[in-house]
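Asker: So the sequence shown is numbered by the numbering used here: it starts at 35 and just counts up by one.
Glycine included, C-beta positions come from ideal geometry on N, C-alpha and C.
All figures in this text were calculated on a predicted structure; none of them were measured in a lab.
Let me give you the structure first, and then I'll get to my questions.
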Amino acid sequence: MNALRNSELVGSRMSPSCRRDDAAICFVGSGQQFSETVLRTVDAEISPAKSLRLADIDTVRSEIHPDGRFDGVGHLCTLVADETYAEALIALAQEPNSHFSRVKFVIAYEDEEFGRALMERYGVQIISNQISVLPMNVNLTTWLLILRMVVSGGHYIPPVLVRCRPSNPYLPGMNGINAGPGITSENGERPVTGLTPRETEVLGMLASGQANKIIASQLNLSEHTVKLHIHRIIGKLGVSNRTEAAIWFHRNGGA
35 MNALRNSELV
45 GSRMSPSCRR
55 DDAAICFVGS
65 GQQFSETVLR
75 TVDAEISPAK
85 SLRLADIDTV
95 RSEIHPDGRF
105 DGVGHLCTLV
115 ADETYAEALI
125 ALAQEPNSHF
135 SRVKFVIAYE
145 DEEFGRALME
155 RYGVQIISNQ
165 ISVLPMNVNL
175 TTWLLILRMV
185 VSGGHYIPPV
195 LVRCRPSNPY
205 LPGMNGINAG
215 PGITSENGER
225 PVTGLTPRET
235 EVLGMLASGQ
245 ANKIIASQLN
255 LSEHTVKLHI
265 HRIIGKLGVS
275 NRTEAAIWFH
285 RNGGA
């Protein structure tokens, strides 16, 4: 199995719904993908949240109460869907004013080729809706670290998928979900941004969900210098904040 470095796991504050004693993590998929052993391990390692497994997104919709509660388990804080249900989960994440509005969404995938195709088609939506992408081909310790970070309110995309170029924006998804805007230049070239090589490097790490402290550590910079780089990046790209900068990065396949 490939293992990710711990420094690539970015944590943040626990989201309000996951601080509850009755918080629930729902896995969507088969028992082969999310076995009883996996669920028991999650229960033991990511307390106080309790886990459950449902067959598909439609079952999630039918069994969850309007207040986001599952009978006998608790209030949903994180929804982890097998790659089979990736498009359905993306559609769910984009629904306005639903009782899923405070839920952390995660797509679990086995094959890197699938992950690349997913980011090429839906990278913009994944970033803008803070959907995490969870590799299943890593060791258990790393997998739990990533899941714990997401449940705690973080956002994770494997570094290997960060530079995937979005596909033609006029090609719909398999289920008719809009794949979002793609490359804006007519000749297919990457847009001219004026970013320095260091700014480009910082932007790529920012787009993978890494915090300033982690970026500073990996690039051997001070956090103040990283903040200055991000300020310049935002200005050069003509965006308003780091989230829009990350969306720009995925939309354009890198700086």
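With R126 as the anchor, note down where its alpha helix (DSSP H) starts and where it stops.
Answerer: By 1-based counting over the sequence shown, the position of residue 126 is 92. The question names Arg, but residue 126 is Leu in the sequence shown. Run containing L126: A120 to A127, per the alpha helix (DSSP H) assignment.
Asker: May I ask which residues mark the beginning and end of the beta strand (DSSP E) holding Y143?
Answerer: Looking up residue 143 in the sequence shown gives position 109. Start and end: K138 to Y143.
Asker: Give me the residue from V236, V94 and G149 with the minimum Cα distance to H133.
Answerer: Position 99 of the sequence shown holds residue 133. Comparing Cα positions, the closest option is V94.
Asker: Taking buried to mean at least 16 other C-beta atoms within 10 Å of its own C-beta, is D92 buried or exposed?
Answerer: In the sequence shown, the residue the question calls residue 92 occupies position 58. Its Cβ having fewer than 16 others within 10 Å, D92 is exposed.
Asker: Straight-line CA distance for A213 to T75?
Answerer: Here residue 213 refers to the residue found at position 179 of the sequence shown. Here residue 75 refers to the residue found at position 41 of the sequence shown. Any reading at A213 must be qualified, since the residue scores a pLDDT of 40, below 50, and its modelled position is unreliable; the value itself is stated next. One C-alpha to the other measures close to 35 Å.
Asker: Determine, using beta carbons only, whether N246 and K270 come nearer to each other than 8 Å.
Answerer: Along the sequence shown, read from residue 1 onward, the residue named residue 246 stands at position 212. Along the sequence shown, read from residue 1 onward, the residue named residue 270 stands at position 236. N246 is not a Cβ neighbour of K270, given a cutoff of 8 Å.
Asker: Given a threshold of 16 other Cβ atoms within 10 Å of its Cβ, counted over all protein chains shown, does P231 qualify as buried or as exposed?
Answerer: On the sequence shown, residue 231 is found 197 positions in, with the first residue counted as 1. By the 16-neighbour rule on beta-carbons within 10 angstroms, P231 is exposed.
Asker: Of the choices H189, E144, S186 and F148, whose alpha-carbon is the least far from that of N173?
Answerer: The residue labelled residue 173 in the question sits at position 139 within the sequence shown. Minimum Cα distance to N173 is reached at E144.
Asker: Under the rule that 16 or more other beta-carbon atoms within 10 Å means buried, what is H265, buried or exposed?
Answerer: Translated into the one-based positions of the sequence shown, residue 265 becomes position 231. Label assigned to H265: exposed.
Asker: Three-state secondary structure (DSSP) at F104?
Answerer: In the sequence shown, residue 104 corresponds to position 70, counting from 1. Correct three-state label for F104: strand.
Asker: Can you grab the Cα-Cα spacing for the pair A250 / H258, in whole Å?
Answerer: Taking the first residue of the sequence shown as position 1, residue 250 is located at position 216. Taking the first residue of the sequence shown as position 1, residue 258 is located at position 224. Each residue's alpha carbon lies about 9 Å from the other.
Asker: Could you pull the DSSP bridge partners for A57 from this structure?
Answerer: As a first step, residue 57 is located in the sequence shown; it is residue number 23 there, counting from the start. Bridge partners of A57: H109.
Asker: Determine the DSSP secondary structure at A178, reduced to helix, strand or coil.
Answerer: As a first step, residue 178 is located in the sequence shown; it is residue number 144 there, counting from the start. Per the sequence shown, residue 178 should be read as Leu rather than Ala. Helix at L178.
Asker: Measuring alpha carbon to alpha carbon, tell me which of E233, V185, E97 and G149 ends up nearest E121.
Answerer: Counting from one through the sequence shown, the residue named residue 121 turns up at place 87. That would be G149, whose Cα lies nearest to the Cα of E121.
Asker: Helix, strand or coil for S81? Go by DSSP, reduced to three states.
Answerer: Counting from 1 along the sequence shown, the entry for residue 81 is found at position 47. S81: coil per DSSP, three-state reduction.
Asker: Who are the Cβ neighbours of R276 in its own chain at under 8 Å, not counting the five residues just before and after it?
Answerer: For this step, residue 276 is matched to residue 242 along the sequence shown. Excluding positions up to five away in sequence, the list reads L240, I264 and I268.
Asker: From this set, D116, D101 and L152, which residue's C-alpha is nearest S135's C-alpha?
Answerer: For this step, residue 135 is matched to residue 101 along the sequence shown. It is D101 whose Cα lies nearest to the Cα of S135.
Asker: Just mark D116 as buried or exposed, buried being the case when its beta carbon has 16 or more other beta carbons within 10 Å.
Answerer: For the purposes of this step, residue 116 is taken as the residue at position 82 of the sequence shown. Around the CB of D116, 16 or more other CB atoms lie within 10 Å, so the residue is classed as buried.
Asker: Measuring straight from C-alpha to C-alpha, what distance separates Y204 and L123?
Answerer: Counted from its first residue, the sequence shown places residue 204 at position 170. Counted from its first residue, the sequence shown places residue 123 at position 89. Interpretation of Y204 is limited by its pLDDT of 36, a score under 50 that renders its predicted location unreliable; the figure taken from the coordinates is listed afterwards. Taking the straight line joining both Cα atoms gives about 21 Å.
Asker: Quick one: is H99 buried, meaning 16 or more other Cβ sit within 10 Å of its Cβ, or exposed?
Answerer: Position 65 of the sequence shown, counting from 1, holds the residue named residue 99. Its Cβ having fewer than 16 others within 10 Å, H99 is exposed.
Asker: Use the C-beta contact count for I281: other C-beta atoms within 10 angstroms, 16 or more gives buried, fewer gives exposed.
Answerer: In the sequence shown, counting from the first residue as 1, residue 281 sits at position 247. I281 should be labelled buried.
Asker: Quick check on Q159: buried or exposed, where buried means 16 or more other Cβ atoms within 10 Å of its Cβ?
Answerer: On the sequence shown, residue 159 is found 125 positions in, with the first residue counted as 1. With 16 or more other Cβ atoms within 10 Å, it is buried.
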